[in-house]
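Numbering (this note's numbering), first residue to last: 626 to 1376.
Even glycine gets a Cβ: it sits at the ideal position worked out from N, Cα and C.
Note that the coordinates shown come from a computational prediction; the quantities given were computed from them, not determined experimentally.
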DNA sequence: GATTTACGCCTTTTT
DNA sequence: GGCGTAAATC
């Protein structure tokens, strides 16, 4: 296969780039990944680099996996050495598992995820008897992570961020780091920071890494943060063979410390860099590109580039306003059904700003019998039972891992309750030792009841057994033994409903299987735990799934034939947290751009003024997202942005909330009955009125008409609204309840 | 010490 | 509407 044949001139230029730094500014859908993949293949095929000297870095495991597969497809499998294709984090873990002893950690360190971090902070707060109200763990962790992402050590925190509570935060930041170290544990941010630390302080490690990874390629460069940038600088320091690909319009991780300046300053950081722009888009229709481009053009912080495509103009973009979140979901489900009927092989996605929005879509798709996958809500590795068992493993391999130990110490219940664990943690704190050691030393503590002492001794003995076993038994076998020994299944069966217990047991079995499989692939137990810590739900997104539900963030780098960008409302998208600061707003706009450019053929934008928040009807009607107003009207149908039933405050400006009171929802023809009693009155009214007469002899559907649906049975039409070329019907079915259907394909039979 | 119930908080986005 | 923590009860 000719590696260069299928490339356009710019892509080819990038792929053929020789040594030295290069920056590829690649617009959405312009073949970013393609360039990296082909360059890897080109370097190897040409003999310019040996595979083992190549390191390609991505942001998600999924992207890494896909890249690996595509390289294999180009080169064929079965070569002796492979290029290393990894995420920043997994690359760092790889380095640290080998080198971290140099900075005083043990090789079998634990990796703390967000949940572990939260537990640790809470524990610290508890020990210091600080009320959580004034110091929300989330908030604290957010600020610690912010500091870490900007490379600000605890020692200088208060100095760098002077504020009322700076000293307190510096104290907590320090305590948190100390406790991580004592637990022989690293959080996500530490993985990067400690790698930088090792590379900076130990020239021999740096030299070896520089020789090992002579060619470095980075995907999504616009999303690198400071520590990632440092890692890159240190690795590339000698050979300067850095090849980065990015798009400043798709920088959406500022909140995580991503620094857009990394891409804007690349030429300065790597002198003599070659810049290549990829502006031809291969993914979307011209219409979609124009719409997305018009939105992002409102940003000022960009280098500016214009995407073009040879693709057809394609369909107009469709906008749809619904009267509730529920009907938004129903309308989308109906569109999906049509789309799948017309093109059974299409891949579709519903994208939304926050995960909380997925629920309605899940419910309705389920109801419609449309198979789908949800990305990101509660991932496999985030399930409680899976985390419990991983904590058991962690405790066995790294007994100093306090958070893991405290998680399992009384799960399932074994008579070690709050009083006892509090004594343990207090002892550990006083002596400055991990909890496992405090456990050993507290066995005879007279402050404990005999019963508690006995329970502790028993747990201690079992734990020692696992620690010993961990040395010579596989992760799968150890896990299986632990599950049996502690009676984990029994706990689930006893605690949860039969159905829930069965689900959880299935997950447990799945985990055991995964552990065994990992072992059979030759991975160590630590490899297995690493993968569990660093994997995300996204990685499990099945490429064959027809319909996917995911956040816009998760969708970056993916593409779909049809995209529904839902919840296009002020406050939601852009999110109200981001609407004030200009740079935050620009990030929201880029996010919107990312969402829109995921679509190949057709883009839908949906919103509703009446979305429930926290299960309550909001007192204020939502406004359409300002991004909808930035869209060229001639390319979009159904763009009804005025809210007729909103009584506007005369002085109101965009961005303020408009109040409309309870009259709001009954002011147009989409009025819906709220209760059964109301429904009866409503139906009576409809039937006695002129609607009830239906179109004499005509087949045309009218409000109030009784109809039969193949699936839902008999019902009565509550409303009929034009949308595009079709009519949207709201029908109350006596068996199935209220449904919203599209007339065009609902195959309704008038009665 | 464990289990059940009430209440309050909540929502960005992710490795 | 849902989850996790805190009080109340067994």
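For residue 1016, the CB contacts under 7 Å within the same chain, skipping 5 residues up- and downstream, are 1029, 1032, 1033 in chain order.
Per DSSP, the beta bridge partners of residue 944 are 1230. For residue 1093, the closest C-alpha among the options 788, 1023, 1132, 1076 is that of 1023.
Within the DSSP bridge table, the entry for residue 1107 names no partner. For the 8 Å CB-CB criterion, residue 875 and residue 1181 form a contact.
As the crow flies, the alpha-carbon of residue 1170 is around 47 Å from that of residue 1085. In this structure residue 1221 is buried. Its beta-carbon is surrounded by 16 or more other beta-carbon atoms within 10 angstroms. Each residue's CA atom was taken as its position, placing residue 1255 and residue 849 some 29 Å apart.
In terms of CA proximity to residue 711, 680 leads the group 704, 824, 680, 910. Residue burial is scored here from C-beta neighbours: residue 1198 has at least 16 other C-beta atoms within 10 angstroms and is therefore classed as buried. Counting along the chain, no alpha helix (DSSP H) covers residue 900; the unbroken beta strand (DSSP E) around it starts and ends at 899-903. Assigned with DSSP and collapsed to three states, residue 890 falls in coil, not helix or strand.
In the DSSP annotation of this structure, residue 730 is not part of any alpha helix (DSSP H), being labelled neither H nor E. In the three-state DSSP reduction, residue 911 falls in the helix class (H, G or I).
DSSP places residue 711 in the strand class (E or B) of the three-state scheme. Taking 8 Å as the cut-off, the Cβ atoms of residue 1158 and residue 738 count as close. A residue is called buried when at least 16 other Cβ atoms come within 10 angstroms of its Cβ; residue 636 meets this threshold and is buried. Look at residue 812 here: in three-state DSSP terms it is strand. Under the criterion of beta carbons closer than 8 Å, residue 1330 and residue 1257 do not qualify as touching, at roughly 38 Å. In this structure, residue 713 lies near residue 853, with their beta-carbon atoms less than 8 Å apart.
Short of 7 Å from the beta carbon of residue 993, and not among the five residues preceding or following it, lie these beta carbons of its own chain, in chain order: 958, 962. Only residues of its own chain outside the window of five on either side were considered, and among them 920, 1252 have a CB closer than 6 Å to the CB of residue 1217, listed in chain order. For residue 648, DSSP records a beta bridge to 869, 900.
No residue range can be given for residue 790, since it is assigned to no alpha helix (DSSP H) and is classified by DSSP as neither H nor E. Relative to the Cα of residue 764, the nearest Cα in the group 667, 671, 742, 754 belongs to 742. Buried is the label assigned to residue 1341, since at least 16 other Cβ atoms lie within 10 Å of its Cβ. Per DSSP, the unbroken alpha helix (DSSP H) holding residue 1130 starts and ends at 1123-1145.
DSSP places residue 1050 in the uninterrupted alpha helix (DSSP H) bounded by 1043-1056.
For the beta strand (DSSP E) assignment, the uninterrupted runs of no fewer than 3 residues enclosed by the segment 953-1036 are, from N- to C-terminal side, 973-977. If you compare the alpha carbons of 796, 672, 823 with that of residue 722, the shortest gap goes to 823. For residue 707 against residue 676, the beta-carbon gap comes to about 6 Å, under 8 Å, which counts as contact. Residues of the same chain with a CB within less than 8 Å of the CB of residue 1139, apart from the 5 flanking positions on each side, are 1153 in chain order.
Per DSSP, residue 1185 is one residue of the beta strand (DSSP E) stretching across 1185-1190. Counting of Cβ neighbours within 10 angstroms places residue 1260 among the buried residues, the total reaching 16 or more. Note on residue 629: under 16 other CB atoms within 10 angstroms of its CB, so exposed under the neighbour-count rule. Contact between the segment 966-983 and the segment 1184-1200 is present: three or more C-beta pairs spanning the two stretches fall below 8 Å.
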